[in-house]
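Structure, as structure tokens:
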Amino acid sequence: MQVFIMRHGDATMNTINDEARELTLKGIEESKLMANWLAQQNPVFDRVFTSPYVRAVQTYQAMQPLLPYSGEQEVLAELIPDGDPQSIANYLQLLAEGGVRTALIISHLPLVGYLVSALCPQEIPPMFATSAIAYVEINTEMRHGEYRWQRGPSQILHSVNKLAAHF
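Each residue of the sequence shown is one higher than the one before, counting from -3 in our numbering.
Rendered as structure tokens:
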């Protein structure tokens, strides 16, 4: 199973509570940039899961028109910043065993890093910039994942600018 784990886009800091924080314009643009780049990697998503927090839902809303997925996003209450990464990893393993081939998860720090480690016990939790995406492959027979890569908006922009400089 291919699992793409994403941290939400850049969000405002001045709100009444953490759950209500909204994306900034930068967060919307970086999320669209990552969606466009991710679509070029050719995943076809079987499932999309987001945190219930506003900024995670808005991240997916910014990305949705650019991604190859026709289903509805599923909000998982467990995808909050202090959610239990092992229970989410167990759920993903069950989905993989049930035939789900590709999933996108949009959540928060520190959960996204800990989720990578829960799926790939040999990995320390990686840090995530806003809108960054990590890719993990779950091997259902071995019951663990392989951490393949992580990309963020600054890396994508750097690659685009480097390519443009050649022309």
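Where is the CB? At the ideal position from N, CA and C, for every residue including glycine.
- [ ] Go ahead and label S103 buried or exposed: buried means 16 or more other beta carbons lie within 10 angstroms of its beta carbon, across all protein chains shown.
- [x] buried
- [ ] Look at F45 and E15 and say whether their C-beta atoms are less than 8 Å apart.
- [x] no
Open item on the list: Please classify Y87 as buried or exposed, where buried requires at least 16 other C-beta atoms within 10 Å of its C-beta.
Closed with: exposed
Task: Buried versus exposed call for E137 [16 or more other C-beta atoms within 10 Å across all chains shown] - done: exposed
TODO: Would you mind stating whether L105 and P77 have Cβ atoms separated by less than 8 Å?
DONE: yes
TODO: Could you give the DSSP three-state label for M(-3): helix, strand or coil?
DONE: coil
- [ ] Taking F0 and P39 to be in contact with their CB atoms under 8 Å, please state how far apart those CB atoms are, rounded to whole angstroms.
- [x] 7 Å
Open item on the list: Measuring straight from C-alpha to C-alpha, what distance separates T126 and E93?
Closed with: 30 Å
Open item on the list: Let me check one thing: in DSSP terms, what residues is Y131 bridge-paired to?
Closed with: F0 and W145
TODO: Please report the Cβ distance between E142 and E133, rounded to the nearest whole angstrom; I am assuming they are in contact, meaning their Cβ atoms lie under 8 Å.
DONE: 5 Å
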